[in-house]
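Presented below is the structure to which this report refers.
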């Protein structure tokens, strides 16, 4: 099984980091490649960033469609995911959907810890679109907690936001609201004592599994461009 | 008040038709211009069509931002509406949201009659995203009713779908699921005996009203690209 | 287009104030008259107040039905709105429904700032009835914030409640939970930096638009007394 | 324990019928009186009928408040129930809420069989207001089934509607959507093989129980006119 | 009418206490017996406790089925309630469902005050299963409030948790989240000024009422083991 | 990675069939063993069947806890799943939750095709408990379609039910509502043209992935028996 991770942004460092973490997880169970999106912004933050990434993402998907068995969209806001599912006849999994749906199988309620306060309402909108509001404890972002000064210590900031989500919001599982945080999940898990999910790993599990199973996005209607 | 209607597709005939209907409604209450989207497909059907329309729509919005007081996105699937709201500091209204939310003030439940069966799941997904499922009677498309042969008679096909929505699904209001059907609303209304809403008119009401009132999309979070 | 605003209470000062604000908004786009409800209490606060206002409201609607094109019920709890829609064959719009549904087109979530803490559960019940809970940030009332001493400064009290709704509850739009606060919307909007909606203006937009469009409450079932 | 059943309409025959059935159920467990509402219509069908019944209902409640321990509103659309709860410091139970909430403890989903098709959307609106949509199989009315000719045989019409609700909609419990049908419940139950609930009996169970228990409508907020 | 209260745990003291309270409420209106569950744990806390109680509960129900007219499951997490309803052809009522559904007829929103913080998510899961989330103010447990030191004073701990639920969460009714607290309801009600519901009493009201009415769990599908 | 599949029933043939299919899917990616539950019924159909299986399932889990890395509960009604998650410190996945949540990533709406009509309401109750009602097209069972005579041809019966789910209910993904149907998924998929999910495979994907990832059920609250 060969999986292509499409990093919707164009940042080579983040792309490399995602690929390294993905390969570490994949081991020899499946092959994995991560590609940055040509023409996309360096970071996907706004709705416009998502739009700007779309042509490059569609291009990557089409050019590599034959060479891979499944595709992962590696940005936690699942940008252009409906588009990717429509284009492909193979499995396409977003790290947002995979991580949050897996979280519901691991505990009563989950919280998403995002990198920036500005992404909170957008993330909430995504969660409602997925029908997951009932399983949501909260969406938190470190700087909302008044930790702006700790920029040098990303782990500490995520730890405090996660701690608050558990203690104040009733979260039993923490979902990292961003790709490119490889390693943070296990360090936080150790300190927080609850499962901490990295979306890329969750999406790889689902995508590789679907590919092995031989199932792909339904072309019965919503994702069939030729219907 | 000057309103720009952005037709997300590039069809000049449909653009002209929308503009004529919009002007007929506007009378001398406000000015209205409708522009086709450069580089967009001739018809917005798939998620990819929506993506292909995005750059042109963003361009139209930016180029005309100073010259207009409010903007209407004239495709009933509200393509790229989050993006438009994010870009603009003025009111931006989708014909899907405006027509369906106005429908909830006119009767118990509404049905959307779409042009094509393939758009039903996509429309349902939009309706759930807006939290309107509780007010929905059904989404219907003429050909689902087995009326494919009647292509020459659009009105008859919509009439039968609307009739079924009222009689079988409990619809009390009918929403036309497509722009560019000017005139059909009033002809159907007469035959069906319930309100039939054209999204362009509904969006013009809301957009012109917001402009007169001096309110615009909130920049408190979700739609603020610089937060 | 001629619109009758029915003020469900009998307070002449509030009636005058609503009419002045409505006329200022209407300009020469449409005519507007506001009438107080004969036999109604001076203020609509309780369910009994709503009941006591019903006969007078129904009477006003019937007596003026021919002379006006659309009707607005100008109390934010939308008292007797089902009744008004049932009686009339013309558009009838409540300021509660219009303002809160318009709010959902302007930002991620809205908060209602009411005049009194006692109205919070009643307002919440109304919001759930409209299926708007998913778009609600909170219902707040100034005195809940411990600002009872500031009665002399209504604006300051609403400002603080609105500020808290934005900062603590994630509100991106503020809806004034009472009629008769003309002018407060724009003053607060300036200070709060988010859209602040006066229900009377919102309902006028919708009602005048419906009248121009020629649509009215469906008589297909729920609001048809003769079915 | 003494319970007053307020029949919101003014029909003496129906009032007598309700009282007889109530007394038959009460036996010597509690006392029960049923009064018709002065000034109310002969039948509560429309929203206006509900409004017209309000003053008389409030009057009955106030005049008899000291003499009874609990109150039942005996029309299945629960007219003016919020008002009754607000006025009283004793338990007030609607036959709609009591029967439908009791139904959820007796089977997976319930259907309401109403007397008239026109009441279906109104009943649906009531059910959503109570948050019971998830437990609802359907609302049916005999004449929707094309049984208008059977007016002479009420039982047969309800039987067929109930049968369809069970077979086609998955109903496991049937709720009679009207007061004044005493005896029909048990006859239908025998033929349909599922529980058939008469709202008056259900409300008596709850109201008498609350009175014995010494609990009454909370005056913490929503139903406190003096808060 | 004879009612059997099945105490899912094996604690004789608690069983006796429940029976005494139940008899005090029943007076001479109906007979009531409370039995402890053979083989069950001393206290039902975990999912495993519920499982361990199941065989004994099923045994009690079967052995006593002919001798009683209705059954109450007297643990507020409603353990094995689906099983009990499936086994029996008579009414079976859980104290959790009865108390929370009755609470919705007494005020806007209710809070459950549980004995232990660990039961909060489990209780929330139960409430969502019943579709009652919309009517829920909160689930609270005394020790969450930092009152662990007050173990000697159960009433004081429940009072503080109830007070917080009313003042901070908007609760208008308090539901005791545990059986075996007879007497606490009335003492708290006096101090808190809102209805405080003991589940055993609520379930007795419903179960005795159903038995008198002659209705029982539907065997149309979900609870029919032989279908 | 070693995974234990717990077949909640005691049928050796079904156990063997599940194990064979699981091994075929696992290949050399992970080891898998399937064990029948001692003391359980031959088939899990009723709530009592679930209860009777509980002690044996708990025993299997405890005895094999050290020897395996993750556990799958292989009955589509996810019997005793909360219990299994509470007992274990390793991942535990139900085939119901895994298949239905995976279905939501493959298409707009899914239908479950169950083996027996009697399981429909129970399955619906499970789906609502998981918050998946919004993504559900329908639950169907072959014999509801009037195909009882085709017992000799299981595939044909499932095909017709699946076909109806797609054509009439809008299903885009089919979920097999029973374990032990290995092979049927791929045969149906070929004929129906949409993804057909076998729960055992879906749960293996998720469970093996969780084990590889090193995450397990949260012990923060709901599933912590010692909290």
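Residue numbers (this note's numbering), protein chains in the order written: chain A, 1 to 227; chain B, 1001 to 1227; chain C, 2001 to 2227; chain D, 3001 to 3227; chain E, 4001 to 4227; chain F, 5001 to 5227.
The beta-carbon is built from N, C-alpha and C at its ideal position, and this holds for glycine as well.
Here the structure is a predicted model, which is why all the values come from computation and not from measurement.
How is residue i classed by DSSP in three states: helix, strand or coil?
| i | result |
| --- | --- |
| residue 5172 (chain F) | coil |
| residue 2106 (chain C) | coil |
| residue 2145 (chain C) | Confidence at residue 2145 (chain C) is low in this model, with a pLDDT of 49, below 50, so the placement of that residue should be treated as unreliable; the coordinate-derived value is given next. Looking at residue 2145 (chain C) - three-state DSSP - the assignment turns out to be helix. |
| residue 5031 (chain F) | strand |
| residue 1211 (chain B) | helix |
| residue 1126 (chain B) | helix |
| residue 5137 (chain F) | strand |
| residue 2197 (chain C) | strand |
| residue 5111 (chain F) | strand |
| residue 1099 (chain B) | helix |
| residue 5017 (chain F) | helix |
| residue 1219 (chain B) | coil |
Name the DSSP beta bridge partners of residue i, please?
| i | result |
| --- | --- |
| residue 5007 (chain F) | F:5036 |
| residue 3072 (chain D) | D:3005, D:3093 |
Taking the CB atoms as reference points, tell me whether residue i and residue j lie closer together than 8 Å.
| i | j | result |
| --- | --- | --- |
| residue 5179 (chain F) | residue 5074 (chain F) | yes |
| residue 2215 (chain C) | residue 1195 (chain B) | yes |
| residue 3098 (chain D) | residue 3199 (chain D) | yes |
| residue 3019 (chain D) | residue 3001 (chain D) | no |
| residue 2126 (chain C) | residue 2107 (chain C) | no |
| residue 1225 (chain B) | residue 1086 (chain B) | yes |
| residue 1141 (chain B) | residue 1117 (chain B) | yes |
| residue 5188 (chain F) | residue 5158 (chain F) | yes |
| residue 4026 (chain E) | residue 4204 (chain E) | yes |
| residue 5137 (chain F) | residue 5111 (chain F) | yes |
| residue 2003 (chain C) | residue 2043 (chain C) | no |
Taking Cβ positions only, does residue i come closer than 8 Å to chain E?
| i | result |
| --- | --- |
| residue 3065 (chain D) | no |
| residue 5079 (chain F) | no |
| residue 2125 (chain C) | yes |
| residue 2128 (chain C) | yes |
Distance cutoff 8 Å, beta carbons only. Does residue i sit that close to anything in chain A?
| i | result |
| --- | --- |
| residue 4121 (chain E) | yes |
| residue 5097 (chain F) | yes |
| residue 5218 (chain F) | yes |
Using beta carbons (cut-off 8 Å, strictly below), is residue i in contact with chain D?
| i | result |
| --- | --- |
| residue 2083 (chain C) | yes |
| residue 2087 (chain C) | yes |
| residue 4166 (chain E) | yes |
| residue 3943 (chain E) | No answer is possible for residue 3943 (chain E): the residues shown for chain E start at 4001 and end at 4227. |
Could you confirm whether any beta carbon from chain B is found closer than 8 Å to the beta carbon of residue i?
| i | result |
| --- | --- |
| residue 2205 (chain C) | yes |
| residue 5193 (chain F) | no |
| residue 5172 (chain F) | yes |
| residue 46 (chain A) | yes |
| residue 104 (chain A) | no |
| residue 2107 (chain C) | yes |
| residue 2190 (chain C) | no |
| residue 225 (chain A) | yes |
Answer with yes or no whether the minimum CB distance from residue i to chain F is below 8 Å.
| i | result |
| --- | --- |
| residue 197 (chain A) | yes |
| residue 3134 (chain D) | yes |
Quick check: is the beta carbon of residue i nearer than 8 Å to any beta carbon in chain I?
| i | result |
| --- | --- |
| residue 4221 (chain E) | Absent from the structure is chain I; the protein chains it does hold are A, B, C, D, E and F. |
**Message:** Please give me, in chain order, every unbroken run of the alpha helix (DSSP H) with length at least 4 that falls completely inside the stretch 1035-1064 of chain B.
**Reply:** 1047-1063
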